[in-house]
Amino acid sequence: MTEIAQKAKKASKQARSLTTKAKNELLASISYEIDKNKAKIITANSIDIENLPIRTKDSFRDRLLLDEPRIENMLTSISDIIDLPDPIGQIIDLGKRPNGLHIKKMRIALGVIGIIYESRPNVTTDASALCLKSGNSVILRGGSESINTNLAIGKIIRKSLINNSVDPNLVQVIEDTSRDLVSEIASADEYIDLIIPRGSKELLKFLQKHATIPMIKHLDGVCHVFIDDSADIKKSLDISVNSKTNRFGVCNAMETLLVSEIIAVNFLPKFAKILMEKKVEIRGCDASRKIVPNLKIASEADWQEEYLAPILAVKVVAGLDDAINHINKFGSHHTDAIVSENEEHQKRFLREIESSSVLVNTSTRFADGFEYGLGAEIGISTDKIHARGPVGLEGLTSLKWVVSGNGQVRD
Numbered sequence: 017m018t019e020i021a022q023k024a025k026k027a028s029k030q031a032r033s034l035t036t037k038a039k040n041e042l043l044a045s046i047s048y049e050i051d052k053n054k055a056k057i058i059t060a061n062s063i064d065i066e067n068l069p070i071r072t073k074d075s076f077r078d079r080l081l082l083d084e085p086r087i088e089n090m091l092t093s094i095s096d097i098i099d100l101p102d103p104i105g106q107i108i109d110l111g112k113r114p115n116g117l118h119i120k121k122m123r124i125a126l127g128v129i130g131i132i133y134e135s136r137p138n139v140t141t142d143a144s145a146l147c148l149k150s151g152n153s154v155i156l157r158g159g160s161e162s163i164n165t166n167l168a169i170g171k172i173i174r175k176s177l178i179n180n181s182v183d184p185n186l187v188q189v190i191e192d193t194s195r196d197l198v199s200e201i202a203s204a205d206e207y208i209d210l211i212i213p214r215g216s217k218e219l220l221k222f223l224q225k226h227a228t229i230p231m232i233k234h235l236d237g238v239c240h241v242f243i244d245d246s247a248d249i250k251k252s253l254d255i256s257v258n259s260k261t262n263r264f265g266v267c268n269a270m271e272t273l274l275v276s277e278i279i280a281v282n283f284l285p286k287f288a289k290i291l292m293e294k295k296v297e298i299r300g301c302d303a304s305r306k307i308v309p310n311l312k313i314a315s316e317a318d319w320q321e322e323y324l325a326p327i328l329a330v331k332v333v334a335g336l337d338d339a340i341n342h343i344n345k346f347g348s349h350h351t352d353a354i355v356s357e358n359e360e361h362q363k364r365f366l367r368e369i370e371s372s373s374v375l376v377n378t379s380t381r382f383a384d385g386f387e388y389g390l391g392a393e394i395g396i397s398t399d400k401i402h403a404r405g406p407v408g409l410e411g412l413t414s415l416k417w418v419v420s421g422n423g424q425v426r427d
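Each residue of the sequence shown is one higher than the last, beginning at 17 in the working numbering.
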């Protein structure tokens, strides 16, 4: 691992010096090679799919799958990243001090980024493209379940780097998927500047215990939609149904629905009928089961569960205060939405909910780097410092102070 990290550190010096034109040409070359070799990627992915245990959850299987439409989405993400402004070298002008010093901040690359992820092979391309555009080198350690797909993509990217006379160690996909290697990555603080984990709670707990490097954590997506007492019923149905059923196995899917008691009798039967037709299991509180008797009984554990499956927890709440308290207590600070026509309630929800993305009158499924115009994302940070929410180009950079004078000295 030390040799890999050393190579990445050396390559990061070249990454910092690449012009915007050179970076965009490199990304275009990677996109071309992926498109040309997508049959090889799909073949490698089919091997990973076939190697999954029979009892693997559908949501996990779905996250692992790469077919032609999903590869097209990967190519679209690269194209979008090419079109984004290059953050490196951007200047924030803070003006002149009374003594004539000109104070600015300049956006710079972080250096070497280690990304540890599970199941999602599209992360290999998204992370590579974002790190290259933001002037960083990257070490990618995927899970054993996606190793064939990741290595196939990594080989294609490496070929593009060589063809463009760029150090191929700017992007390194590691073949070793052991937990021991994760521990080595997490403690290589002499070479690696940031770790971004995307995976299970067990992986995150392991890294929190062993890492000596700063992390941007992507934790659970226990996402809520709150139907306020002033909400439009049709809008509420559209948003809540989409938030849950658009895709089950994603971190921005709704896992708990909160409904104001004033509107619950009118809303819940309509909502439950739609979800039951879509074969979603609903686990409700006592109040919601009085309105829709055939709901399953929700336990206390359901309020903090990320199902990633056709299961939903439903709770009737007294109103806005109750909803805010519930979300801040049981949520994962990922994404939460309110459906409301009351502007004051909207403002309070936006101000008081502690999550990285807070939405008004729209689906939680929009909490995504692509939908936010970031081109792609490396993850969705639930941390409160540095990057929050979808982590795109700027989240992979830092700022340094730039001070210009004309001979001033301090008394």
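All residues carry an ideal CB built from backbone N, CA and C; glycine is no exception.
Beta-bridge partners of residue 239, as assigned by DSSP: 270
Using a threshold of 8 Å, state whether the C-beta atoms of residue 29 and residue 102 are closer than that. no
Span of the beta strand (DSSP E), counted from its first residue to its last, around residue 213: 210-214
Can you tell me whether residue 417 is buried or exposed, with buried defined as 16 or more other CB within 10 angstroms of its CB? exposed
Let's see if you can read the secondary structure: which residues bound the beta strand (DSSP E) around residue 373? Start and end: 373-376.
Residue burial classification, residue 110 (beta-carbon count within 10 angstroms, cutoff 16): exposed
If I measure Cβ to Cβ from residue 224 and keep anything under 6 Å in the same chain, skipping five residues before and after, which residues do I get? none
Hey, quick one: how far does the alpha helix (DSSP H) through residue 388 stretch, first residue to last? Note, residue 388: premise wrong, no alpha helix (DSSP H); not H, not E.
Whose C-alpha, out of 342, 350, 354 and 419, is nearest the C-alpha of residue 406? 350
How would you label residue 372, buried or exposed, when you count the other beta carbons within 10 angstroms and need 16 or more for buried? Its Cβ being crowded by 16 or more others within 10 Å, residue 372 is buried.
Within the continuous beta strand (DSSP E) that includes residue 71, where are the two ends? Element bounds for residue 71: n/a, residue is neither H nor E.
Return the first residue and the last residue of the beta strand (DSSP E) that residue 320 is part of. Element bounds for residue 320: n/a, residue is neither H nor E.
Who are the Cβ neighbours of residue 145 in its own chain at under 6 Å, not counting the five residues just before and after it? 43, 94 and 97
Going by DSSP, what residue range makes up the beta strand (DSSP E) through residue 297? 297-300
So, under 8 Å CB-CB, residue 244 and residue 62 are touching, yes? Tell me the CB distance rounded to an integer number of Å. So it is not a contact: roughly 46 Å between Cβ atoms.
Identity of the residue in 231, 158, 216 and 202 nearest residue 138 by Cα: 158
For residue 280, write down the residues that DSSP places opposite it in a beta bridge. Note: residue 280 sits in no beta bridge, so no partner.
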